[in-house]
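> Chains as they are written, first to last, in full-length UniProt numbering: chain A, 1 to 281; chain B, 1 to 357.
For every residue, glycine included, the Cβ atom is placed at its ideal position computed from N, Cα and C.
Please read through the structure below; I'll follow up with questions.
Laid out in structure tokens, this is it:
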């Protein structure tokens, strides 16, 4: 095959990839603009409207379709994701820092940590529920479910940080020590700023994984539902485009999160850029 | 002169392989010491042990009279300049230099004006004026070298370890930085321990040169003594200016693979027999010229020569296949043309040879 052919083939492949990646999202976004309350979650679009978005915020006249019971669930999920993000990132950074030196049993500890992301979520969730019942612990999203979220997201943060430390030149730390700076202060002033982009990635991983975690939370969260559970709960009655509208909003929120990530990343290299501009001037 | 650093039987092994096999040395205060060794001789390990980045398996390290093995690096007060400079990439030139002053555990300088003044003085001393606010990604290799040096010197250590500090620079810059390093050291009055694999650098820089071989100090001497009186055949080999023959002494001559070489000069005890003659002590003569009574003569076939401006180095193969090098200085003579594969007599005075028994 000639070069043009290869290019065409690869182009087609990429196009298909993108269609399958974003197709569902596009369909969801289109259907969320279906008219309401009589329009259903299917084509054709009877009439374009923002009815379901208004419905989501309780801005429509009362109808037979109940508003999504997600308000509290959203707050819970966000709180849980932030808690998980903080704890997992701290654990991930410190654990990866510990793994920079070989220690006895480091291989076993490594697999024990990584196990948290490997084991099937439903089983862990069920197991946690059983353990909680046996020990007489109440199941809560901020208790049992939180622990499972940390167990699940900690390995991701850990692996990200491990990769970061792999490329980290330890001689800058030694240089700081030889200047009379304690290891603790060296970590704060030298190591942490240099690994900060990695820490941001670890935080992003932990947050997003926790935010839409379903299977572990299902059995472990107890009475109060998190957002994924609450949305799933609405499916069992009847699906209306208000779920799609909510999906679009969540996606926008994720984009905002990514945007924040990009801005923070940009800030951490801003200094170098500023000097570069000075250089040219 | 009092010694600032003393090493007593310092040992270190990695996974059973000894890197330092009992180092004994005393480094004089306010001096420039170069540590010469081939790669794998343990010179970087020794430096890292002194700095505290590695723990020795045994022995004692005394710094300014205080035992420091077991003391963490940040409490030793010994500066370290890395081969790759190890500058803090997220800080500017001035911030890099100020870092130690502001952040050290013992006696940190909290007054911003004092820090700024001392940083400014140091920047002037190492010749970095005008680059204070540059990012370290925006300066050249030689400038990075100066920042690394300034960052260490501003904290006023009584000793600075330099791990192949000129290794990352190009040849021109390396020569210039040699002189600057010496000047800067003299102005600060600290002891520099400069590790290098280059014999010319070691000889040019060091008031004292330590030669490290297989984890031991093979010789400690000033540059002149080291060059003209290496303590063993191995040391002579690192100096890269001696033709060395193995063999042994038998009566009045040294029996080598190229024949018996008459003795006449100094014979030193060194544990391993060897016969060394400096490249520039050998003269090249036509094959039929008769040697004088006090001369040693061997034969070799001319291979090639290398012209380096002030001297020309000619290479010969001897009868046992070994390469023999002759350095002829051109201050008084034009380079002679030798015939390729031609046989020539290689002649030197008996007393110029170094014999190790």
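If you draw a straight line from the alpha carbon of residue 99 of chain A to that of residue 114 of chain B, how long is it in whole angstroms?
40 Å
> Answer with buried or exposed for residue 164 of chain A, where buried requires no fewer than 16 other C-beta atoms within 10 angstroms of its C-beta.
buried
> If we cut at 9 Å on Cβ distances, does residue 167 of chain A have a partner in chain B?
no
> Closer than 8 Å between beta carbons: that is the criterion. Which residues of the region 83-108 of chain B meet it against chain A?
Taking 8 Å as the Cβ-Cβ cut-off, the region 83-108 of chain B approaches chain A at 84, 86, 87, 88, 89, 90, 92, 99, 100, 103, 104, 105 and 106, given in chain order.
> Mind checking the region 39-60 of chain B against chain A and listing, in chain order, the residues whose C-beta falls within less than 9 Å of any C-beta there?
48, 51, 52 and 53
> In this structure, how does DSSP classify residue 280 of chain A when only helix, strand and coil are distinguished?
Unreliable positioning characterises residue 280 of chain A in this predicted model, as indicated by a pLDDT of 40, which lies under 50. A coordinate reading is not provided.
> Would you call the CB atoms of residue 29 of chain B and residue 9 of chain B closer than 9 Å?
For residue 29 of chain B and residue 9 of chain B, no; Cβs fall outside 9 Å.
> Return the residue from the list B:275, B:302 and B:231 that minimises the CA-CA distance to residue 260 of chain B.
B:275
> Within a Cβ cutoff of 8 Å, which residues of the same chain sit near residue 82 of chain A, ignoring the five residues on either side of it in sequence?
207
> Could you tell me which residues DSSP pairs with residue 283 of chain B in its beta bridges?
B:347
> When you compare the CB of residue 79 of chain B with every CB in chain A, is at least one pair closer than 9 Å?
yes
> For residue 262 of chain B, which residues from the same chain have a beta carbon less than 7 Å from its beta carbon, with the 5 sequence-adjacent residues on both sides left out?
When the five nearest sequence neighbours on each side are left out, the beta carbons in the same chain lying within less than 7 Å of the beta carbon of residue 262 of chain B are those of 252, 253, 296 and 350, in order along the chain.
> Considering only their Cβ atoms, is the gap separating residue 209 of chain A from residue 156 of chain A smaller than 9 Å?
yes
> Could you compute how far the alpha carbon of residue 149 of chain B sits from the alpha carbon of residue 52 of chain B?
19 Å
> Whole angstroms are fine: how far does the CA of residue 145 of chain B sit from the CA of residue 293 of chain B?
Between residue 293 of chain B and residue 145 of chain B, the C-alpha separation is close to 54 Å.
> Only counting the same chain, and skipping five residues up and downstream in sequence, which positions put a Cβ closer than 8 Å to that of residue 26 of chain B?
3, 5, 6 and 7
> Can you tell me the Cα-Cα spacing of residue 37 of chain A and residue 29 of chain A, whole angstroms?
Between the C-alpha atoms of residue 37 of chain A and residue 29 of chain A there is a straight-line separation of about 17 Å.
> How would you label residue 56 of chain B, buried or exposed, when you count the other beta carbons within 10 angstroms and need 16 or more for buried?
Flag for residue 56 of chain B reads buried.
> With burial defined as no fewer than 16 other Cβ atoms inside 10 Å of the residue's Cβ, what is the status of residue 103 of chain A: buried or exposed?
exposed
> Under 9 Å between C-beta atoms, does residue 178 of chain A make it to chain B?
yes
> Determine, using beta carbons only, whether residue 10 of chain B comes closer than 9 Å to chain A.
no
> At the 9 Å Cβ level, is residue 64 of chain A part of the contact set with chain B, yes or no?
no
> For residue 12 of chain B, does the three-state DSSP call read helix, strand or coil?
In the displayed model, residue 12 of chain B falls within a strand according to three-state DSSP.
> Quick one: Cα of residue 171 of chain B to Cα of residue 141 of chain B, how far?
12 Å
> Excluding sequence positions up to five away, which residues of its chain have a Cβ less than 7 Å from the Cβ of residue 126 of chain A?
Here residue 126 of chain A has 219 as same chain residues with Cβ atoms under 7 Å from its own Cβ, once five neighbours each way along the sequence are excluded.
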